[in-house]
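Notes follow the structure.
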Amino acid sequence: MKAARGKGAARKDTKEALKPAEDRKVGKRKAAVKAEKSSKRATTKDKKAKKDPNKPKRPPSAFFVFLEEFRKVFKKENPNVKAVSAVGKAGGEKWKSLSEAEKAPYEAKAAKKKAEYEKIMNAYNKKQESTADDGDEESDRSKSEVNDQDDEESAEVMKLIIWVELTIGFFMLLHMLE
């Protein structure tokens with residue numbers, strides 16, 4: 001007398017029965033089927049566009065700016081801890097415990113780095129466009145117009161940075177008064 005099978009075993013049998021005979025995994029052919037699948041994955045990875053090594057790296061977020069400083073302090077206090085995960089975990093807990101006023105300087109630094117990154121990316125994109133055009137055609141705008149636009153953007157960024165610094169000062173002052 002056979003033992004009753006569970007629902008999972010019955011489902012597996014029906015799925016196997018629905019597959020074409022060449023796709024079914026039988027005995028020694030399992031390894032061959034797995035090898036075919038891994039080769040398919042390799043070809044899809046090759047289809048992706050290669051990353052440009054000259055492309056600027058994205059700027060760190062406020063948390064990662066904080067983590068740079070926190071990592072130094074943590075290493076001094078805990079020289080025996082070598083695990084990267086421990087530093088990240090402790091940094092995450094500390095970040096969550098910080099108030100908005102305490103996070104503000106890191107957010108300001110992150111905003112400043114982001115503004116610098118945007119300038120560098122604009123220059124990078126313009127360089128990419130100029131190499132794509134092969135220099136045969138002149139751009140629609142003259143260099144002076146491009147420089148004027150860059151000056152306007154940098155003025156807006158500077159206004160944003162000043163606003164963030166003033167906000168930080170205000171929160172620090174409130175924190176001192178408490």
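Using the UniProt record's numbering, you'd call the opening residue of the sequence shown number 1 and step up by one each time.
Quick reminder that beta carbons are idealized off the backbone N, C-alpha and C, glycines included.
Less than 8 Å between the beta carbons of Pro-56 and Met-121, yes or no?
yes
Assign Val-65 to one of three DSSP states: helix, strand, or coil.
helix
In whole angstroms, give me the CA-to-CA distance for Val-65 and Ser-130.
Between the alpha carbons of Val-65 and Ser-130 lies a distance of about 34 Å.
Is it buried or exposed for Lys-51, if we count other Cβ within 10 angstroms and need 16 for buried?
exposed
Span of the alpha helix (DSSP H) holding Glu-118?
100-133
Tell me whether the beta-carbon of Lys-111 lies closer than 8 Å to the beta-carbon of Leu-160.
Looking at the sequence shown, residue 111 is not Lys but Ala. Their beta carbons are under 8 Å apart, which means Ala-111 touches Leu-160 by this criterion.
Beta-carbon contacts of Lys-94 that lie in its chain and below 7 Å, excluding the five residues immediately before and after
Phe-70
Ala-104: buried (16+ other C-beta within 10 angstroms of its C-beta) or exposed?
buried
Could you tell me the boundaries of the alpha helix (DSSP H) in which Glu-178 lies?
Per DSSP, Glu-178 belongs to no alpha helix (DSSP H) and is neither H nor E.
For Val-87, collect the residues of the same chain with a Cβ closer than 6 Å to its Cβ; drop the 5 residues on either side in sequence, then sort them by chain order.
Arg-71 and Phe-74
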